[in-house]
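Working notes, beginning with the structure itself.
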Amino acid sequence: MKWTKKSGKEPPATPAVRRVTLDHEKHGDRLPPGQILTGKWPVLHYGSIPTVDLARWRFTIQGLVEVPVTLDWKAMNALPHSTRTNDIHCVTHWSRFDNVWEGILAKDVLALAKPSPEARYVMVHGFDGYTTNVPLDVLTDPGSILAFRHDGEPLAAEHGGPCRLITPPSHYLWKSAKWVSGFELMKDDRPGLWERNGYHMNGDPFREERYS
1 MKWTKKSGKE PPATPAVRRV TLDHEKHGDR LPPGQILTGK WPVLHYGSIP TVDLARWRFT
61 IQGLVEVPVT LDWKAMNALP HSTRTNDIHC VTHWSRFDNV WEGILAKDVL ALAKPSPEAR
121 YVMVHGFDGY TTNVPLDVLT DPGSILAFRH DGEPLAAEHG GPCRLITPPS HYLWKSAKWV
181 SGFELMKDDR PGLWERNGYH MNGDPFREER YS
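With our numbering, letter number 66 in the sequence shown gets 66, and the count goes up by one each step, no holes.
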């Protein structure tokens, strides 16, 4: 029987709903609710792509730390390099599996500043003025990395190059600030740019914490 409003049956699923259903049947709990899998890497960001001069590039760690830190590009790259493979999940409903990131672990950079005992949250800053908040324990997680390379290639400017933060897949990708320029350690949580505009303060894709 053809569906009509009076038929008493559920309306047919849209192509997008069918795609979500099929992807979840195939990938199970690895894929968060409401997400579809893609092999592409869509380009999404707030504002325009900043021009980052490596000669003037600086990364700062300030706030509740014992030793404020400022690193230039050479000093950052002199730190031990690491590689991490993870999945990324965008709040706009796409996910991409098995991304390989090369860079410096966020916890190794934070260790230089010796976070104060009362520090519990971090405001992540970008060269474009972008901000986003994350708990400190997210950045001390060994899955968080300040990435220079993606899948064997230098990180492209449209994806946050020369350096972007990548948090574990337990957080939507908007928490992984592009063109990252520093960490500000805080006692109390406060919202960043998208959080001030209705996005969730935590942003766990497996709980669909998209909006507040």
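Note that the Cβ used here is the ideal one computed from N, Cα and C, for glycine as well. This structure is a prediction, so every number in the text was calculated from the model and none was measured.
* Asked: For H200, does the count of other Cβ atoms within 10 angstroms reach 16, so buried, or fall short, so exposed?
  -> Burial call: buried.
* Can you round the beta-carbon distance between G103 and F148 to whole angstroms, since I take them to be within the 8 Å contact cut? -> That pair is a contact at about 5 Å.
* To do: Specify, as a first and last residue, the run of the alpha helix (DSSP H) that E195 falls within.
  => Secondary structure note for E195: its alpha helix (DSSP H) is the uninterrupted segment 193 to 196.
* First through last residue of the alpha helix (DSSP H) which encompasses N202 -> Annotation for N202: no alpha helix (DSSP H) segment contains it, and DSSP assigns it neither H nor E.
* Rounded straight-line distance, which links the Cα of R120 to that of D188 -> When rounded, the distance between both Cα atoms is 7 Å.
* Do you know how far the Cα of T14 is from the Cα of K2? -> Bear in mind that a pLDDT of 49 at K2, under 50, signals an unreliable position, so the number given afterwards is only what the model happens to contain. Spanning the two alpha carbons is a distance of roughly 15 Å.
* **Environment of A55 [buried if 16+ CB atoms lie within 10 Å]** => By the neighbour-count criterion, in which 16 or more other beta carbons inside 10 Å mark a residue as buried, A55 falls on the exposed side.
* Asked: In this structure, does DSSP put H150 in helix, strand or coil?
  -> In the three-state scheme derived from DSSP, where H, G and I count as helix and E and B as strand, H150 is classed as strand.
* Spatial neighbours of S213 within its chain, please: CB distance less than 7 Å, with the 5 preceding and 5 following residues excluded, ordered by chain position. => Because the chain spans 1 through 212 in this model, residue 213 falls outside it and cannot be assessed.
* What does a CB cutoff of less than 7 Å around W94 pick up in its chain, not counting 5 residues either side in sequence? -> So the qualifying residues of the chain are Q35, I36, T38, P42.
* Check whether the Cβ atoms of G63 and M186 sit closer than 8 Å, and answer yes or no. => Yes.
* Asked: Per DSSP, what kind of secondary structure is R190 in: helix, strand or coil?
  -> In this structure, R190 counts as coil in the three-state DSSP scheme.
* With burial defined as no fewer than 16 other Cβ atoms inside 10 Å of the residue's Cβ, what is the status of N197: buried or exposed? -> It is exposed - the Cβ of N197 has fewer than 16 other Cβ atoms within 10 Å.
* Counting only the same chain and skipping the five closest in sequence on each side, list residues whose C-beta sits under 6 Å from that of E209. => Within the same chain, Cβ atoms closer than 6 Å to the Cβ of E209 are found at H200, N202, G203, the five residues on either side in sequence being excluded.
* Asked: If you follow the alpha helix (DSSP H) that L71 is part of, which residue opens it and which one closes it?
  -> Segment 69 to 72 is the beta strand (DSSP E) holding L71; no alpha helix (DSSP H) there.
* Asked: R164 by DSSP, collapsed to three states: which one?
  -> Looking at R164 - three-state DSSP - the assignment turns out to be strand.
* Opposing strand residues paired with N86 [DSSP bridges] -> BP columns for N86 point to N99.
* Under the three-state reduction of DSSP, which class applies to R120: helix, strand or coil? -> DSSP places R120 in coil when its eight states are reduced to three.
* Distance between P191 and R30 (C-alpha atoms, nearest Å) -> Computed Cα separation, rounded: 28 Å.
* **Where T92 falls: helix, strand or coil (DSSP)** => DSSP places T92 in coil when its eight states are reduced to three.
* Three-state class that DSSP yields for F59 in the structure shown -> Correct three-state label for F59: strand.
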